[in-house]
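**Student:** Below is one structure. I have some questions about it.
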Amino acid sequence: MKSKMPNRGKKGWCGCLQDDEPPEITYCMVDNAGTLAQVTFTPTLPIPPTNELNTMFEELVEELDLTAPNKAAMLSLPDEKKWQIYCSRKMDQTNGSTTDAPDNPEQYIEQLRNFKSSPLTENDDTEIKSRTRILDSLRTALRTQPHSFVLRFIECEGLLTLLEYLKKLDHYSGQTSLHCSIIGCIKALMNNSTGRSHVLGYPGAIDIIAQSLSTENIKTKIAVLEILGAVCLIPGGHKKVLDAMSHYQRFCNERSRFQEQSLPRSTSRLQRAQNTCVRYIYRARKRDFVPPYYNRPRLLRIEPRR
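The following block contains the structure:
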C-alpha cells in the first residue's frame with residue numbers, strides 16, 4: 001500500500017520543524033530528521049505474540065512525540081508493520097550510539113559544562129575532534145532516543161547549558177566544526193515539540209543563535225539561517241527573528257539590519273539559504289514591503305508577497 005507523504009511546501013527546505021499537523025500515517029515511520037519515511041527494513045527476529053507486540057509498540061509510539069491522530073494511525077497498523085517499525089527504530093537507537101558516548105542526558109550535560117569551562121587553544125585539532133564527536137553524538141541522541149530523553153535533557157538544564165556554551169564560544173572554536181555541531185544539537189531539539197517550545201520560550205535564545213551568523217564557517221551560517229527561516233513559520237516567530245536580527249546588528253556594529261546577509265556570497269548554497277530566510281521574514285509581515293536595497297541585482301532577490 002502506498003504511503004501518503006507530506007506536502008512540506010515552504011517548510012521542506014529546513015527539516016528543522018515538523019508540520020503543525022503531520023499528514024496521516026499509513027505505512028510510514030518517523031525518521032531521524034523528524035519527518036516521515038517509508039519503512040523498508042525487514043526484521044530478522046520473529047514477531048512476538050500480539051498482546052506482547054501491542055504493549056511494546058504502544059510504548060514506542062508514546063516516545064515518538066506524535067499528535068493524537070498519528071498515534072491512532074500508528075496503533076491501527078497490522079502486526080507485521082508494527083514489528084518492522086519497532087525493530088527499525090530500535091536499530092536506529094543502537095546505531096546512533098558510540099562506545100565512548102555518554103549514556104544519559106546528565107552525562108552529556110556534564111560534558112558540555114566541562115567544555116564551557118575549558119576554552120580551547122588554537123590549533124588544538126585533537127580536542128576539537130573529540131568535542132565535535134561528543135556533540136554529534138548528542139545531536140543523534142536528541143533525534144533518535146525516546147521522547148523521555150529529550151524531556152530529561154531539558155529538565156536538567158541541557159538547553160540552558162547548550163545556549164551558554166554557544167554564547168561563550170571563543171573565536172577559534174567558532175570557526176571550526178565544533179560550532180556547527182552545537183547548532184546541530186539545537187536543531188535536533190527543535191525537531192521535538194517540547195524542545196521547540198523551550199527554545200522559543202527561553203529569553204534571548206534566538207538572539208544567541210543569530211550571533212552565530214558572524215562565523216566564517218559556511219555550514220554553520222547555513223544551519224543558523226535554516227533555523228531562523230523556520231522560526232518565521234511559527235506563530236509569533238516572525239517577531240522573534242526580527243528582534244534577533246536587530247540584536248545581531250548591534251552585536252556586529254552593522255549600519256542596518258540584514259546588512260551582512262545582503263552581501264554577495266561565493267557559495268550558492270549559502271546564497272539560497274540567505275534568500276529563503278529573508279523571503280520568509282518578509283512574507284510573514286502583514287503588509288507588503290521590500291526594502292529598496294534588496295532590489296539591487298547583486299544582492300538578495302526578494303519576491304513581493306502575493
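So in the numbering used here, the last spot in the sequence shown is 306, and the numbers never skip. We put the CB at the ideal spot given by N, CA and C, even for glycine. Bear in mind the structure is a predicted one, so any value in this text is a computation, not a measurement.
#1: Under 6 angstroms Cβ to Cβ from Thr121, same chain only, skipping five residues before and after it: list those, please.
#2: Let me know the secondary structure DSSP gives Tyr172 once reduced to three states.
#3: To the nearest angstrom, report how far apart Asp65 and Tyr86 are at their CA atoms.
#4: Go through its chain and collect everything with a Cβ distance to Ser193's Cβ below 6 angstroms, but skip five positions before and after it.
#5: Give me, in chain order, the residues of the same chain whose beta-carbon lies closer than 6 angstroms to that of Ser177; leave out the 5 immediate sequence neighbours on both sides.
#6: Using the Cα positions of Ser118 and Asp243, report the straight-line distance between them to the nearest angstrom.
#7: How far does the alpha helix (DSSP H) with Cys185 in it extend, from its first residue to its last?
#8: Assign Ser76 to buried or exposed, taking buried as 16 or more other Cβ atoms, counted over all protein chains shown, within 10 Å of its Cβ.
#9: Tell me where the alpha helix (DSSP H) around Thr140 begins and ends.
#10: Within 10 Å of its beta-carbon, does Arg139 have 16 or more other beta-carbons around it, so buried, or fewer, so exposed?
#11: Under 7 angstroms Cβ to Cβ from Ser181, same chain only, skipping five residues before and after it: list those, please.
#12: Measuring CA to CA, which of Ser173, Thr161 and Lys219 is closest to Asp124?
#13: Taking the continuous alpha helix (DSSP H) assigned at Asp103, which residues delimit it?
#14: For the alpha helix (DSSP H) containing Glu164, name the first residue and the last one.
#15: From the beta carbon of Ala205, is the nearest beta carbon of chain B less than 8 angstroms away?
#16: Can you look up Ala244 in the DSSP assignment and give me helix, strand or coil?
#17: Between Gly201, His247 and His179, which has its C-alpha nearest Lys129's C-alpha?
#18: My output table needs one value for Pro46: the three-state DSSP class, helix, strand or coil.
**Tutor:** In terms of the structure at hand:
#1: Locating residue 121 in the sequence shown gives position 121, counting from the first residue. So no residue of the chain qualifies.
#2: The count along the sequence shown starts at 1 and reaches residue 172 at position 172. Three-state DSSP puts Tyr172 in a helix.
#3: By 1-based counting over the sequence shown, the position of residue 65 is 65. By 1-based counting over the sequence shown, the position of residue 86 is 86. Roughly 15 angstroms between the two C-alpha positions.
#4: One-based indexing of the sequence shown puts residue 193 at position 193. Cβ-Cβ distances below 6 angstroms link Ser193 to Asp65 in the same chain, with the five nearest sequence neighbours on each side left out; the list follows chain order.
#5: Here residue 177 refers to the residue found at position 177 when the sequence shown is read from its first residue. So the list reads Thr132, once near-sequence residues are dropped.
#6: The sequence position of residue 118 within the sequence shown is 118, counting from 1. The sequence position of residue 243 within the sequence shown is 243, counting from 1. Rounded to whole angstroms, Ser118 to Asp243 spans 31 angstroms at the Cα level.
#7: Taking the sequence shown and counting its residues from 1, one reaches residue 185 at position 185. That run of the alpha helix (DSSP H) goes Ser177 to Met190.
#8: What you label residue 76 is simply residue 76 of the sequence shown in a count that begins at 1. Burial call: exposed.
#9: On the sequence shown, position 140 is the one that residue 140 refers to. Unbroken alpha helix (DSSP H) run through Thr140: Asp125 to Thr144.
#10: Counting from 1 along the sequence shown, the entry for residue 139 is found at position 139. Under this definition Arg139 is a buried residue.
#11: What you label residue 181 is simply residue 181 of the sequence shown in a count that begins at 1. Correct list, in chain order: Thr132, Leu135, Asp136 and Arg139.
#12: One-based indexing of the sequence shown puts residue 124 at position 124. Comparing Cα-Cα distances from Asp124 to each of Ser173, Thr161 and Lys219, the minimum goes to Ser173.
#13: Mapped onto the sequence shown, residue 103 falls at position 103. Here Asp103 belongs to no alpha helix (DSSP H), and DSSP marks it neither H nor E.
#14: On the sequence shown, residue 164 is found 164 positions in, with the first residue counted as 1. That run of the alpha helix (DSSP H) goes Gly158 to Lys167.
#15: Checking the listed chains, one finds no chain B in this structure; it contains a single protein chain.
#16: Along the sequence shown, one-based indexing puts residue 244 at 244. If DSSP states are grouped into helix, strand and coil, Ala244 belongs with the helices.
#17: Along the sequence shown, read from residue 1 onward, the residue named residue 129 stands at position 129. Among Gly201, His247 and His179, the Cα nearest to that of Lys129 belongs to His179.
#18: Numbered from 1 along the sequence shown, position 46 holds the residue referred to as residue 46. Three-state result, Pro46: coil.
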